[in-house]
Amino acid sequence: MTSTVNPQRTRYLAGLSLFVFILLWHGIASWLATPVLPEPIKVAEVLWSEIYHGDLLHHLGMTLFRLTTSFIIAMILGSALGILLGRTPTIDHFFDNWLIIFLNIPALVTIILCYVWFGLSEVAAILAVVVNKLPNVIVTLREGAKSLDKDLLEMAQSYRLTRKKILTQVIWPQLHPYFMAAARSGIALTWKIVLVVELLGRSDGMGFQLHLFFQLFDVASILAYTIAFITVIQIIEISLLKPLDRYGRRWQR
Amino acid sequence: MTDINLTIEDKKFPHSDRIIAHLELHIPSGEFVCLIGPSGCGKSTLLNLIAGLDKNYQGSITFGTPQQDCRIGYVFQNPRLLPWRTVRENIELVLPLHTPAHTVDELLASMKLTAVQETYPQRLSLGMSRRVALVRAFAINPDILLMDEPFVSLDAPTARKIRKQLITLWDQQQHTVLFVTHDLREAITLADRLIFLSNSPMTIVRDIKITIPRTQRFDDSQIETFRQQLLSEYPDLGPLL
Numbered sequence: 000m001t002s003t004v005n006p007q008r009t010r011y012l013a014g015l016s017l018f019v020f021i022l023l024w025h026g027i028a029s030w031l032a033t034p035v036l037p038e039p040i041k042v043a044e045v046l047w048s049e050i051y052h053g054d055l056l057h058h059l060g061m062t063l064f065r066l067t068t069s070f071i072i073a074m075i076l077g078s079a080l081g082i083l084l085g086r087t088p089t090i091d092h093f094f095d096n097w098l099i100i101f102l103n104i105p106a107l108v109t110i111i112l113c114y115v116w117f118g119l120s121e122v123a124a125i126l127a128v129v130v131n132k133l134p135n136v137i138v139t140l141r142e143g144a145k146s147l148d149k150d151l152l153e154m155a156q157s158y159r160l161t162r163k164k165i166l167t168q169v170i171w172p173q174l175h176p177y178f179m180a181a182a183r184s185g186i187a188l189t190w191k192i193v194l195v196v197e198l199l200g201r202s203d204g205m206g207f208q209l210h211l212f213f214q215l216f217d218v219a220s221i222l223a224y225t226i227a228f229i230t231v232i233q234i235i236e237i238s239l240l241k242p243l244d245r246y247g248r249r250w251q252r
Numbered sequence: 000m001t002d003i004n005l006t007i008e009d010k011k012f013p014h015s016d017r018i019i020a021h022l023e024l025h026i027p028s029g030e031f032v033c034l035i036g037p038s039g040c041g042k043s044t045l046l047n048l049i050a051g052l053d054k055n056y057q058g059s060i061t062f063g064t065p066q067q068d069c070r071i072g073y074v075f076q077n078p079r080l081l082p083w084r085t086v087r088e089n090i091e092l093v094l095p096l097h098t099p100a101h102t103v104d105e106l107l108a109s110m111k112l113t114a115v116q117e118t119y120p121q122r123l124s125l126g127m128s129r130r131v132a133l134v135r136a137f138a139i140n141p142d143i144l145l146m147d148e149p150f151v152s153l154d155a156p157t158a159r160k161i162r163k164q165l166i167t168l169w170d171q172q173q174h175t176v177l178f179v180t181h182d183l184r185e186a187i188t189l190a191d192r193l194i195f196l197s198n199s200p201m202t203i204v205r206d207i208k209i210t211i212p213r214t215q216r217f218d219d220s221q222i223e224t225f226r227q228q229l230l231s232e233y234p235d236l237g238p239l240l
């Protein structure tokens, strides 16, 4: 079936598929000739002028700031709690129901509640994103902590390794794949929630801008912002998450 | 180096029968003892109790030196190396801070592992991994060395080679060794003393000194003669092997 994939060929295919996508978009847009579906070239012009003359970079920056802050808090807190639950069955049984409740609260509800209880502030916005992402990280890391290799833990114990060594050299490398899974799915989930948070209660950021363009029916700007954002997220994925993942797996055959 | 005194009245796992009953054993400092018994009789459990991995038993285990100062090297049945650390890092992991690098260098060289010291364990053969596990145990210069069938599933020439290396290392450091095996020839080759154990609940059946001098231990005919003699003298040992 699948023979060995030539990397040059894959790159060529990826480029071709992107080109076909834009061509298709252009074809449909010029055939419909409607302001609600601008042609790609129009969107590119808007993107260019928003970057150089507009506020796109400021809004993009604010969104990225909220994204990274809440992402880092959720990952650190979620990992710590996940490991704790995975290693101590009593606590795990106690909090299991809580987790299920938090996993199932709609994102919109936590966002509204955070704004109602803590006001339309930056802290409330970030808190809302963290609360949305946290249960997800906890559940993933908990699975990792539950499946730790008992043989290696016994080895560490019989050789009397320090707690620090056990955590950093025996436990953490086993959790790394789970952490990466949580991080990669997390970044996709988080930025979508950040946009909603901004739309509902902030006066800058991508979400706020999109809301504004929606009221003006300015589809070209909406698409321009979307493209800018997808590009940034892809850069984060390729330049940060993928290398981290590769580094974590360097020892595997 | 230290001696070991152990008295285990009773050891049970939840939902199972007694594993160990009335087992009393004194091992003088520096002695090489082989534990021989049918598989599943509780030998590994006994080693875990001595290593302090399992504290759930009735009885007492004391060492000549205070418990917390006593260094224990444990060679498990499977090598138990960290796959994400290189051979050298795996050994350095268990060493106290500021251990001179040449300690590790010499041990690696003696087990012919110098060439693979920067390799990750998943790329090693089983025989090599076992040797790394041995080096790791020796590197901490243990007072007590626990070995749980460390050479099982190795081909005969490799096992023989590693046994020789083990004895060479032990000659230099003279740790107190508890070596679990169910290969009687291996036991006679290595040990000062054989302890035969019964099926569970495990208890001591025979305690036999080996009289063959150390210099003739790798002479197969001597080992075979001793084995035959042993089995004809104590016919009750046959079923335990």
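Line by line, the protein sequences are chains H and B. In terms of numbering that gives the first Met the number 0, the first sequence is residues 0 to 252. In terms of numbering that gives the first Met the number 0, the second sequence is residues 0 to 240. Beta carbons are placed, not taken as given, at the ideal position from N, Cα and C, and that holds for glycine.
Q: Counting only the same chain and skipping the five closest in sequence on each side, list residues whose C-beta sits under 7 Å from that of tyrosine 233(B).
A: Result list for tyrosine 233(B): Arg205, in chain order.
Q. Just curious, the alpha helix (DSSP H) that alanine 155(B) is in, first and last residue?
A. Run containing alanine 155(B): 155-172, per the alpha helix (DSSP H) assignment.
Q) If the cut is a Cβ gap below 9 Å, which residues of chain H does phenylalanine 75(B) touch? A) Contact annotation for phenylalanine 75(B) against chain H: Asp150, Glu153, Met154 and Ser157 [CB-CB distance below 9 Å, chain order].
**Q.** Residue-chain proximity (glutamine 172(B), chain H), Cβ-Cβ < 7 Å
**A.** When Cβ-Cβ separations below 7 Å define contact, glutamine 172(B) makes no contact with chain H.
Q. Can at least three beta-carbon pairs, one atom from the stretch 84-97 of chain B and one from the stretch 161-172 of chain B, be found at a separation below 8 Å?
A. The stretch 84-97 of chain B, when compared against the stretch 161-172 of chain B, does not touch it at the 8 Å Cβ threshold.
(Q) Taking the beta carbon of glutamine 168(H) as the centre, do at least 16 other beta carbons fall within 10 Å, making it buried, or is it exposed? (A) Flag for glutamine 168(H) reads buried.
Q. Which residues in the same chain have their Cβ closer than 7 Å to the Cβ of methionine 0(H), if we skip the five residues on either side of it in sequence?
A. In this predicted model, methionine 0(H) has a pLDDT of only 44, less than 50, meaning its place in the structure is not dependable enough to derive any value.
Q. So is isoleucine 254(H) buried or exposed if we call it buried at 16+ other beta carbons inside 10 Å?
A. In the structure as shown, chain H starts at 0 and stops at 252, and residue 254(H) therefore has no counterpart that could be examined.
Q: Please report the Cβ distance between valine 195(H) and leucine 66(H), rounded to the nearest whole angstrom; I am assuming they are in contact, meaning their Cβ atoms lie under 8 Å.
A: Contact doesn't hold; Cβ gap of about 13 Å is too wide.
Q.
Count Cβ pairs between the stretch 71-91 of chain H and the stretch 126-142 of chain H that sit closer than 8 Å; are there 3 or more?
A. In short, these stretches touch, since the Cβ pair count reaches three.
Q) Between the C-alpha atoms of arginine 201(H) and glutamine 7(H), what's the straight-line distance to the nearest angstrom? A) Distance from the CA of arginine 201(H) to the CA of glutamine 7(H), rounded to the nearest whole angstrom, comes to 44 Å.
Q: Name the one or two DSSP bridge partners that serine 59(B) has.
A: Thr6(B), per the DSSP bridge assignment.
Q: Please determine, among Ser199(B), Leu165(B) and Pro200(B), the residue with the shortest C-alpha to C-alpha distance to alanine 186(B).
A: If we check each option's Cα against that of alanine 186(B), Leu165(B) comes out closest.
(Q) Do arginine 130(B) and leucine 112(B) count as a contact pair if the criterion is CB distance below 7 Å? (A) Yes, the Cβ-Cβ distance between leucine 112(B) and arginine 130(B) is below 7 Å.
Q: Classify valine 128(H) as buried or exposed, calling it buried when 16 or more other Cβ atoms lie within 10 Å of its own Cβ.
A: The Cβ neighbour count for valine 128(H), taken over all protein chains shown within 10 Å, is at least 16; the residue is labelled buried.
Q) Which of helix, strand or coil does DSSP assign to leucine 194(H)? A) DSSP places leucine 194(H) in helix when its eight states are reduced to three.
Q. Between arginine 141(H) and chain B, is there a C-beta pair that is closer than 7 Å?
A. It does not; no Cβ of chain B falls within 7 Å.
Q) Start and end of the alpha helix (DSSP H) containing methionine 154(H)? A) Residues 149-157.
Q | Inter-stretch contact at 8 Å, needing at least 3 Cβ pairs: the stretch 21-29 of chain B / the stretch 238-251 of chain H | A | Output reads no: the stretch 238-251 of chain H does not touch the stretch 21-29 of chain B.
Q. Under the three-state reduction of DSSP, which class applies to threonine 210(B): helix, strand or coil?
A. Coil.
Q. Which residues mark the beginning and the end of the alpha helix (DSSP H) in which glutamate 121(H) is found?
A. First-last of the alpha helix (DSSP H) with glutamate 121(H): 121-145.
Q. Going along the chain, which unbroken runs of the alpha helix (DSSP H) with 4 or more residues stay wholly within the stretch 158-225 of chain H?
A. Annotation: the stretch 158-225 of chain H contains the following complete segments of the alpha helix (DSSP H) (minimum length 4 residues), in chain order: 171-200 and 205-215.
Q.
My output table needs one value for glutamate 148(B): the three-state DSSP class, helix, strand or coil.
A. DSSP, reduced to helix, strand and coil, places glutamate 148(B) outside both helices and strands of the structure shown, so it counts as coil.
Q) So does the stretch 1-15 of chain B actually touch the stretch 38-57 of chain B, counting three or more Cβ pairs closer than 8 Å? A) Yes, the stretch 1-15 of chain B is in contact with the stretch 38-57 of chain B.
**Q.** Interfacial residues, the stretch 114-126 of chain B to chain H, with Cβ spacing under 7 Å
**A.** From the stretch 114-126 of chain B, only Tyr119, Gln121 and Arg122 have a Cβ closer than 7 Å to chain H.
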